[in-house]
Amino acid sequence: MIPGPFSYHRPQTLADAVKLLSTLGDEARPLAGGHSLVPMMKLRLAAPAHLVDLHGIDGLKGVSRDGNRIVIGAMTTQHELLASGEIANSLPILHETALQIADPQVRYRGTIGGNVANGDPGNDMPALMMTLGASYQLQGQGGTRDVPASDFYQGAYFTALEPGEILTSVSIPVPAAGHGFAYQKLKRKVGDYATAAAAVMLTMADGKVATCAIGLTNLHETPLLAADAARCVIGTSLDAATLKKAATAAEAIMSPAADARGPIEYRKHVGGIMVMRALQRAASRAS
Ligand code: FAD
199 MIPGPFSYHR PQTLADAVKL LSTLGDEARP LAGGHSLVPM MKLRLAAPAH LVDLHGIDGL
259 KGVSRDGNRI VIGAMTTQHE LLASGEIANS LPILHETALQ IADPQVRYRG TIGGNVANGD
319 PGNDMPALMM TLGASYQLQG QGGTRDVPAS DFYQGAYFTA LEPGEILTSV SIPVPAAGHG
379 FAYQKLKRKV GDYATAAAAV MLTMADGKVA TCAIGLTNLH ETPLLAADAA RCVIGTSLDA
439 ATLKKAATAA EAIMSPAADA RGPIEYRKHV GGIMVMRALQ RAASRAS
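Taking my numbering, I'd label the letters of the sequence shown as residues 199 to 485.
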């Protein structure tokens, strides 16, 4: 339970942080809230020789509106997301999801940037970001690039981040007025990661689903977009047969690990139920 030795760096500017990470190479890791990285170091599952703490850098925090997008600085904590009026009004599903992450102590330290950059299939924000059509801004020595969340996740703990790059912000299109939303998560106890979770964003017209996106958490080595499941609810009033069809289509792309949260078949079954419940709850909130 004691991490290996490491050097601690606290740069004051983004340019210095990028330079440090690029110079130190594979041996260095950015440190945000530390609530995923430090436990991994204590378990010796990660042993970086250098930690580059991002807390000294101005401008990596906060929620702002940029036209029809909401931009969130990478170092914004889950707690700060929950306190944001802009998030509560424009992106209530993000508020709902943040509230289901861990417990208040973790949410005071854990950041949105750390949650989406970590690459852990159990993190709740990545599938939500894919469902919302978000993109991530990455800063490296060669400049800045934007990567859609749906292209970012390549495998468990493998992402599109290149060595030396820092994720600086998350940009999310403002959802349509009157949209319905739900983040449905089954966990064994307060503070646990999802056994299975589903994010749903939809719009309704004349009692029928007009648009829909469905994301899945902890049901594969990466977060998933359940595109077929979303397609099969379009034009329906979400009757029982359609809900079942959507659950079956979503289960077809799930391949969760068997772990302490249950065997594979159980977790897929629960995943299907999360999809059905999220669809129903989202539809009940749409206007
Ligand atoms: P860190 O731990 O500092 O970093 C995580 C990884 O991302 C590291 O590899 C780091 O190098 C990298 N990184 C961090 N920031 C950046 C950046 N800006 N650019 C590039 N790379 C970066 N999470 C959930 O989603 N759902 C849960 O239910 C949940 N339950 C938890 C329960 C407990 C008891 C604990 C301790 C944690 C739990 N977490 C959960 C994880 C928590 O939300 C983490 O805080 C979060 O996943 C990582 O954010 P962080 O800011 O702590 O990142």
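Built from N, CA and C at the ideal position, the CB exists for glycine as well.
Please read these numbers as outputs of a predicted model, since none were measured by experiment.
Starting from the Cα of tyrosine 334, find the closest Cα among Ala272, Gly389, Leu289, Ala458 and give me that residue. For the purposes of this step, residue 334 is taken as residue 136 along the sequence shown, with counting starting at 1. The shortest Cα separation from tyrosine 334 among Ala272, Gly389, Leu289, Ala458 belongs to Ala272.
Meets three-Cβ-pair contact criterion under 8 Å: the region 366–384 and the region 469–480: yes
What are the residues that DSSP puts in a beta bridge with cysteine 410? Within the sequence shown, numbered from 1, the residue matching residue 410 stands at position 212. DSSP lists Leu400 as partners of cysteine 410.
Would you check if there are 3 or more beta carbon pairs closer than 8 Å linking the region 406–413 to the region 323–333? yes
Return the CA-CA distance between alanine 424 and glutamate 463, expressed in angstroms with no decimal places. For the purposes of this step, residue 424 is identified with residue 226 of the sequence shown, where counting begins at 1. For the purposes of this step, residue 463 is identified with residue 265 of the sequence shown, where counting begins at 1. So the two alpha carbons sit approximately 18 Å from each other.
Let me check one thing: in DSSP terms, what residues is aspartate 457 bridge-paired to? Translated into the one-based positions of the sequence shown, residue 457 becomes position 259. Beta-bridge pairing links aspartate 457 to Gly460.
State yes or no: is the C-beta of threonine 393 nearer than 7 Å to some heavy atom of the ligand FAD? On the sequence shown, residue 393 is found 195 positions in, with the first residue counted as 1. Result no, Cβ not under 7 Å from the ligand FAD.
Report whether the distance from the Cβ of arginine 492 to the nearest heavy atom of the ligand FAD is below 7 Å. Lying outside 199 to 485, the shown extent of the chain, residue 492 is not represented and no answer is given.
Can we count proline 421 as close to the ligand FAD, meaning its CB is less than 7 Å from some heavy atom? The residue labelled residue 421 in the question sits at position 223 within the sequence shown. No.
Quick check on glutamine 337: does DSSP put it in helix, strand or coil? Within the sequence shown, the letter at position 139 stands for residue 337. Reduced to three states, the DSSP call for glutamine 337 is strand.
Please report the straight-line C-alpha distance between lysine 217 and leucine 235, rounded to a whole angstrom. Translated into the one-based positions of the sequence shown, residue 217 becomes position 19. Translated into the one-based positions of the sequence shown, residue 235 becomes position 37. Roughly 21 Å between the two C-alpha positions.
Step through the CB atoms of chain D and report whether any lies within less than 8 Å of the CB of methionine 323. The structure shown contains no chain D, having only a single protein chain.
Using a threshold of 7 Å, is the CB atom of threonine 309 nearer than that to any non-hydrogen atom of the ligand FAD? As a first step, residue 309 is located in the sequence shown; it is residue number 111 there, counting from the start. Correct: threonine 309 has its Cβ closer than 7 Å to the ligand FAD.
In or out: threonine 221 buried (at least 16 other Cβ within 10 Å) or exposed? One-based indexing of the sequence shown puts residue 221 at position 23. Exposed: under 16 other Cβ atoms inside 10 Å.
Note down, in chain order, each residue of its chain lying with its Cβ closer than 8 Å to the Cβ of aspartate 224, except the 5 sequence neighbours on either side. The sequence position of residue 224 within the sequence shown is 26, counting from 1. Around aspartate 224: Pro361.
If you compare alpha carbons, which of Lys383, Tyr351, Thr434 is closest to glutamate 419? Taking the sequence shown and counting its residues from 1, one reaches residue 419 at position 221. Among Lys383, Tyr351, Thr434, the Cα nearest to that of glutamate 419 is on Tyr351.
Using C-beta distances below 6 Å, list every residue in its chain close to asparagine 313, excluding the 5 sequence neighbours before and after it, in chain order. Looking up residue 313 in the sequence shown gives position 115. If we look at asparagine 313 and ignore the five residues flanking it on each side, its Cβ neighbours are Asn321, Met323.
Residue range of the unbroken beta strand (DSSP E) whose run includes phenylalanine 379: As a first step, residue 379 must be located in the sequence shown, where it is residue number 181. Here the beta strand (DSSP E) through phenylalanine 379 covers 378–384.
Cβ contact (3+ pairs, closer than 8 Å) linking the region 384–393 and the region 365–374: no
With hydrogens ignored, establish whether the beta-carbon of histidine 418 is closer than 7 Å to any heavy atom of the ligand FAD. Within the sequence shown, the letter at position 220 stands for residue 418. Result no, Cβ not under 7 Å from the ligand FAD.
For methionine 199, I'd like the list of residues in its chain whose CB is within less than 8 Å of its CB, leaving aside the five on either flank, ordered along the chain. As a position in the sequence shown, residue 199 is number 1, starting the count at 1. So the list reads Lys240, Leu241, once near-sequence residues are dropped.
Of the listed residues Ser369, Val368, Pro346, nearest to alanine 358 (C-alpha basis): Taking the sequence shown and counting its residues from 1, one reaches residue 358 at position 160. Of the listed residues, the one whose Cα sits closest to alanine 358 is Pro346.
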